[in-house]
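Right, one structure below, let's go through it.
2 protein chains.
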Amino acid sequence: MDNYVQILKKNGLKVTPQRLEILKYLDTHRTHPTADTIYSDLKKTTPSLSKTTVYNTLQHLGEHGLVYTLTISGSELRFDSVINPHHHFLCKTCGSIIDIDIECPNARKVESAGGHRIDEVHGYFKGVCASCLKE
Amino acid sequence: MDNYVQILKKNGLKVTPQRLEILKYLDTHRTHPTADTIYSDLKKTTPSLSKTTVYNTLQHLGEHGLVYTLTISGSELRFDSVINPHHHFLCKTCGSIIDIDIECPNARKVESAGGHRIDEVHGYFKGVCASCLKE
DNA sequence: TATCATGTTGTAATGATTACAAGTTAGGGA
DNA sequence: TCCCTAACTTGTAATCATTACAACATGATA
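One line per chain: the protein sequences are A and B, in this order. Be aware that the first sequence starts at 1, since it is given in the numbering used here, and climbs by one per residue. Be aware that the second sequence starts at 136, since it is given in the numbering used here, and climbs by one per residue.
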């Protein structure tokens, strides 16, 4: 848990029990959860937790680059622990989101050509996953 | 307009004035509009138009690969006329969505390696656009 | 041109997210 | 160590995009 304290402090974020729990949750659940899933799961052990706090915290963590906000589903945000850059695959049959361990080879090229500053790169693939294809 | 009629027929979609208008709108407005923007604009010339029709039509067109549904913003869907495959850049300062004229070089590789069937490829870049960077 | 499956419309419901106000707490300075 | 204040948390209420639904209208086939 000390690790999470350091991460928050390093980013100038006040250390609170709620933030530590959410940060730990994301680190130990690499399942691209929704805000509501995080809320429901943590509510079990921290009944006083408020959904607003989950949303606020996720936004703060996102602004500091500590979590990655995925818009792949289109109906709800998904949150991802920031580790190595990777892409995502969404199965339109079963809804699962699968990590694709590649990085965009074009990001820097796009930046220098267009003159934009790129902060985030999202690679989304959508279709039917291998498991669903078998059925 | 005959062109749009053919497109609908070729895809087994019933030809209606509403669908023709929406298809034409998307073809002539390459601005990644929201459903609401399409609705408001078309409402001016077609007062009887219903927002539900816009949503229904966009969904049908999407299922037939005639429009591309972008989830880049995270708060609302954006719709794109399907032309050549390209990526998108979202400026977090001014909110504009800019076409990035590159294609994903990895899609086929991901498909064969993971065993998934890929129907859509979305490349999203987020940051600050060249125009906003100047200010 | 009669039929009916399919499309359209308007309204009401849903569900994720945000706004807000009141109470609570983390953490730096006395 | 204690106090103070800005920042955080909480709960409820509002917002806004999207979907559900039921009644009506229409395109296209025979």
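Ideal Cβ placement from N, Cα and C applies to all residues, glycine included.
Identity of the residues DSSP links to residue i by a beta bridge
i, result
"K126(A)", "L90(A) and E255(B)"
"D99(A)", "H88(A)"
Min CB distance residue i to chain B below 7 Å
i, result
"V67(A)", "no"
"F125(A)", "yes"
"V54(A)", "no"
"T108(A)", "At residue 108(A) the sequence reads Arg, which differs from the Thr that was named. Chain B, which has no Cβ nearer than 7 Å to the Cβ of R108(A), makes this no."
"V128(A)", "yes"
Proximity test, Cβ basis, 7 Å: residue i and chain A
i, result
"A170(B)", "no"
"E255(B)", "yes"
"L196(B)", "no"
"L268(B)", "yes"
"I173(B)", "no"
"C199(B)", "With the sequence shown as reference, residue 199(B) is identified as His, and Cys is not the correct amino acid for it. No, its Cβ sits nowhere closer than 7 Å to a Cβ of chain A."
Mind listing, in chain order, the continuous alpha helix (DSSP H) runs of no fewer than 4 residues lying wholly within the segment 178-229 of chain B?
You should have 186-198.
The segment 124-134 of chain A touching the segment 139-151 of chain B, judged by at least three CB pairs closer than 8 Å
No: the two stretches stay apart, fewer than three of their Cβ pairs being nearer than 8 Å.
Could you tell me whether the segment 76-86 of chain A touches the segment 225-233 of chain B, where touching means 3 or more Cβ pairs closer than 8 Å?
Cβ pair count under 8 Å is below three, so no.
Mind the definition here: the segment 168-177 of chain B touches the segment 105-121 of chain A only if three or more C-beta pairs lie below 8 Å; say whether that holds.
Inter-segment contact for the segment 168-177 of chain B and the segment 105-121 of chain A is absent: fewer than three beta-carbon pairs are separated by less than 8 Å.
Along the chain, which unbroken stretches of the alpha helix (DSSP H) at least 4 residues long are found entirely within the segment 139-164 of chain B?
Runs of the alpha helix (DSSP H) inside the segment 139-164 of chain B: 152-163.
Contact list for the segment 206-234 of chain B against chain A, Cβ threshold 8 Å
So the list reads T206, I207, S208, G209, L212, H222, F224, C226, K227 and I233, given in the order they occur along the chain.
Contacting positions in the segment 152-166 of chain B - beta carbon closer than 7 Å to chain A:
Cβ contacts with chain A: none found.
Does the segment 19-29 of chain A come within contact of the segment 40-48 of chain A, defined as at least 3 CB pairs closer than 8 Å?
Yes, they touch.
Mind checking the segment 139-153 of chain B against chain A and listing, in chain order, the residues whose C-beta falls within less than 9 Å of any C-beta there?
Within the segment 139-153 of chain B, no residue has its Cβ closer than 9 Å to any Cβ of chain A.
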